[in-house]
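Single-structure report; data block below.
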Amino acid sequence: MEIVHNIAQRRLRNTLTISGIVIGILALTLTGAMAEHFRAQFEGGVRYYSSNIQVSDDAGGNAGVISLGKIDPIQKVPGVALALPSIGLMAKPGSAGGVPLGLPDTIVYTDPRERDHTRLKTAIAYGRQLQPNRQGEVVLGYDLASEFRVRVGDSLDLPIRPRNANPDFVNHPFKVVGILKKTNTFPDATASVGLFDAQMLLQESLPASFRDRVDPSSLASRITVYGKPGVDLDKLADRINAKVPGVTATRPTDFVNTFDQGARFTAIAIGTALLAILFGAVLVVNTMLAAVIERSLEIALKVTFGARPWQVGVEYLLEATIIALIGGVIGFALGAGLAALLDLAGRTVNMDVFLITDRLAKIVLGFAVALGVGAGIIPALRAAKLDPDLALRAM
Amino acid sequence: MAAIEVRDLTRKYRQGEANMVKALDGVTLSVGAGEFVSMVGRSGSGKTTFLHCVGLLLRPTSGQVIIDGIDTTALTDRERADFRGHRIGFVFRDQNLLPSLTALQNVMLPLRYGRIGRGGRKRARELLDLAGLGDHMHQRPGQLTAGQSQRVAIARALIKAPTLVLADEPTGEVDNETSDELLFLMQQLNRTSGVTFIIATHDVDVATCMDRMIRLSDGQVRADERLRAARSRLTSRR
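Line order of the protein sequences matches chains R and E.
Take the position in the first sequence, starting the count at 1, then add 100; the result is the number in our numbering.
Take the position in the second sequence, starting the count at 1, then add 24; the result is the number in our numbering.
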């Protein structure tokens, strides 16, 4: 109570100090929320790609196509449990350059058998899963459904028609039969369709000269391979490359390493926010040092009552911590609110880039407390070392 | 046995680079338990240094301060803090209440440090009642007069039931009437509780209101007089 009163008494100075902390913590919350968002995406990617091997056609690369005829020879490679077709293509063709932060919206086909093998599990929030052999149905990821404001039962044309679409651009209406629960990773930006629909869309996405020469029912973007239990997937990828001509099997660790690059971005972003926090810490030190000087008589009185130096120091440390915590709570609340607003505004352009988590709240508020303790140490030591004789004579 | 035995107490202060000034110069005296003593002298005579040495706020350069039979100069800092917290009460000139606390909270403040027994709040109320501030317990220092604030400070000095109260110019900032009221209050407390009071003052008129007057000059005891008639004089003023 006394501490709260002391803070309230020096209202202007403490308000300015708390404002400094608020700015720092707000910056940390926003960059932290961005880092949490990317971390969730990276972790999803790591979870998915570390559990399987992605096989592409040598000629087409990752952006191309692969013949389903490659499935049989891959399936025969020792250690392969399952080889399944996967299809992935841009849901908004021509828009990749305009989406710098979010995951690109993607039309995907994933074989239902993958659900038993993949480490990245999804679940239906509304509606139902796709049913085999039914065409014209789609299950949307949470963000994609929000972006296009569609619900179960609505219709969505896929792919999305670009603003300057070519005259030969074709898309098809799909009935939304399900919406996935939010995963905070790439399924959120997917539109899952059946195999026949995906093959048709894949064929239509091919260059005109190539399009008419292929049988869509033999096409996939990649083949996803799952190993038998205990099999080293990197070695299995090497075996596929050695035994199946014309394909490239990417080692899971190589895929995962590309996701780890995201950690560098996170480190830079958080480092920048920490600089802002340092500014707040300097303000706390300044405020508390001024408080020690102003209240030297009070300190001396407490010493005369039998207070030990550490008890006096702890009181000042506590006050600095409470100031920092007040700034931390306000900064976090403002940061979380701003992140939610920015996400809401950016949802229509697939710019959902903030993720507020319990972990982030604990880190940010823990950091605020650490800042208060750290910044309070010097003033607390000064208070603890104050000479009561001199302070009392000065009154 | 004397409550306080001061033997050859010397305290030097450094002044400038090389000069050492003796604030106390071989003070030797004893104060019996329950005495009501004034220490009178001009500014710079060593009164405050004496009180701070006896109050264990300042370590003497040499000599001994024995309180209740304990040589306090041999105590560690921690032991001195405990000793001070439990056996010595302080009253200062002015501005010695925390503005953020009520009168009652100010009186209870010393209980925050050290071992806290039960009944602290009850005792604080009793002391404030005794000081005539029963109706002002929940007021903050800003709402109290200088005299009332000093009464709160006196009550606070007694909250831990000390054996010794050291008061440094407790009437320095109040008018004569209030000064007499404060002195009367301290005298009453001295009589009823048996607490030893040493009151430093530059005002001889104030000093003569007590049982004994010790004159200090240039850090030395110049006179030590018993004033048998003083108590009745103060009492008759009431």
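Backbone N, C-alpha and C define an ideal beta-carbon position, used for all residues, glycine too.
The structure displayed is predicted, hence computed values, not measured ones.
Does Pro488(R) have its Cβ less than 7 Å from a Cβ in chain E? Yes - at least one Cβ of chain E is within 7 Å of the one on Pro488(R).
Asn114(R) at chain E interface by Cβ criterion, 7 Å: Not an interface residue.
Residue from Lys328(R), Thr131(R), Arg408(R), Asp297(R) whose Cα sits closest to the Cα of Ser318(R): Nearest C-alpha to Ser318(R): Asp297(R).
Cβ distance (whole Å) where Val412(R) is taken to contact Ile399(R) below 8 Å: With a Cβ gap of about 5 Å, Val412(R) and Ile399(R) count as contacting.
For a cutoff of 7 Å on Cβ pairs, would you count Arg108(E) as touching chain A? Checking the listed chains, one finds no chain A in this structure; the protein chains it contains are R and E.
So with CB distances below 9 Å, who are the chain E contacts of Gln109(R)? Correct list: Pro123, Ser124.
6 Å Cβ shell around Ser305(R) - same chain, five flanking residues per side excluded: Taken in chain order, the residues that qualify are Leu189.
Chain-order list of residues whose beta-carbon lies under 6 Å from that of Ala163(R) (same chain, five-residue window excluded): Only weak support exists for where Ala163(R) lies, its pLDDT of 48 falling under 50; the value from the coordinates is given anyway. For Ala163(R), where only same-chain residues beyond five positions count, there are no Cβ hits under 6 Å.
Label Val104(R) either buried or exposed according to how many other C-beta atoms from any shown protein chain fall within 10 Å of its C-beta, with 16 as the threshold for buried. Val104(R) is exposed by the Cβ-count criterion.
Spatial distance of Gly144(R) from Asn284(R) (CA atoms): Whole-angstrom Cα-Cα distance: 8 Å.
Can you find a CB in chain R that lies within less than 7 Å of the CB of Ala105(E)? Yes, its Cβ sits closer than 7 Å to a Cβ of chain R.
Using a Cβ cut-off of 7 Å, pull out every chain E residue sitting near Leu418(R), in sequence order please. Taking a Cβ-Cβ cut-off of 7 Å, Leu418(R) has no neighbours in chain E, whose nearest Cβ is about 13 Å from it.
Start-to-end residues for the beta strand (DSSP E) that takes in Phe221(E): Run containing Phe221(E): 220 to 225, per the beta strand (DSSP E) assignment.
Can you find at least 3 beta carbon pairs, one from the stretch 219 to 231 of chain R and one from the stretch 324 to 339 of chain R, that sit closer than 8 Å? Contact fails between the stretch 219 to 231 of chain R and the stretch 324 to 339 of chain R, because fewer than three Cβ pairs, one in each stretch, are under 8 Å apart.
Label Phe74(E) either buried or exposed according to how many other C-beta atoms from any shown protein chain fall within 10 Å of its C-beta, with 16 as the threshold for buried. Counting Cβ neighbours within 10 Å, Phe74(E) comes out buried, since at least 16 surround it.
Can you name the start and end residues of the beta strand (DSSP E) that Pro185(R) belongs to? Residues 180 to 190.
Measure from the alpha carbon of Ile223(E) to the alpha carbon of each residue in Pro165(E), Val30(E), Val61(E), then state which is nearest. Per the Cα distances, Val61(E).
Could you tell me the boundaries of the alpha helix (DSSP H) in which His76(E) lies? If you look at His76(E), you'll find it in the alpha helix (DSSP H) that goes 71 to 78.
Report back the beta-carbon spacing between Ile377(R) and Leu126(R) to the nearest angstrom; my notes put them in contact at under 8 Å. Cβ-Cβ separation between Ile377(R) and Leu126(R): approximately 10 Å, too far for a contact (criterion under 8 Å).
Helix, strand or coil at Ala127(E) [DSSP, three-state]: Three-state DSSP puts Ala127(E) in a helix.
Please go through the same chain and pick out, in chain order, the residues whose beta-carbon is closer than 7 Å to the beta-carbon of Ala181(R), but skip the five residues on each side of it. Tyr326, Gly327, Lys328.
Measuring CA to CA, which of Leu135(E), Ala231(E), Ala191(E), Ala185(E) is closest to Leu251(E)? Taking only the C-alpha atoms, the option nearest Leu251(E) is Ala231(E).
Looking at the structure shown, is Phe286(R) part of a helix, part of a strand, or coil, going by DSSP? Here Phe286(R) carries a helix assignment [DSSP, helix/strand/coil].
Name the chain R residues that come within less than 7 Å of Arg102(E), Cβ to Cβ? Correct list: Arg408.
Under a Cβ-count criterion, where at least 16 other Cβ atoms within 10 Å of its own Cβ denotes burial, should Glu201(E) be classed as buried or exposed? Burial state of Glu201(E) is exposed, judged by a 10 Å Cβ sphere holding fewer than 16 other Cβ atoms.
How about Asp254(R) and Asn271(R): are their beta carbons less than 7 Å apart? In this structure, the beta-carbon distance from Asp254(R) to Asn271(R) does not fall below 7 Å.
Cβ distance (whole Å) where Val473(R) is taken to contact Thr421(R) below 8 Å: Contact between Val473(R) and Thr421(R) is confirmed by a C-beta separation of about 6 Å, below the 8 Å threshold.
What does Thr72(E) reach in chain R if we use C-beta pairs closer than 7 Å? For Thr72(E), the neighbours in chain R by C-beta distance under 7 Å run, in chain order, Arg493.
State buried or exposed for Phe310(R), treating a residue as buried only when at least 16 other CB atoms are found within 10 Å of its CB. Exposed is the call here.
Of all the alpha helix (DSSP H) runs that stay within the bounds of the stretch 157 to 226 of chain E, which reach a length of 4 or more residues? You should have 170 to 181, 200 to 217.
Tell me the residue span of the beta strand (DSSP E) that contains Glu249(E). Where Glu249(E) is concerned, the enclosing beta strand (DSSP E) starts and stops at 244 to 250.
Assigned secondary structure, Arg493(R) (DSSP; H/G/I helix, E/B strand, else coil): Three-state DSSP puts Arg493(R) in a helix.
Please confirm if Phe114(E) has its CB atom under 7 Å from at least one CB of chain R. Chain R contact via Cβ: present.
Using a C-beta cutoff of 7 Å, does His76(E) count as contacting chain R? Cβ-Cβ to chain R under 7 Å: yes for His76(E).
Under 6 Å Cβ to Cβ from Leu188(E), same chain only, skipping five residues before and after it: list those, please. The answer, listed in chain order, is Ile112, Thr220.
Alpha carbon of Ala320(R) to alpha carbon of Glu214(R), nearest angstrom: Ala320(R) and Glu214(R): Cα-Cα distance of roughly 15 Å.
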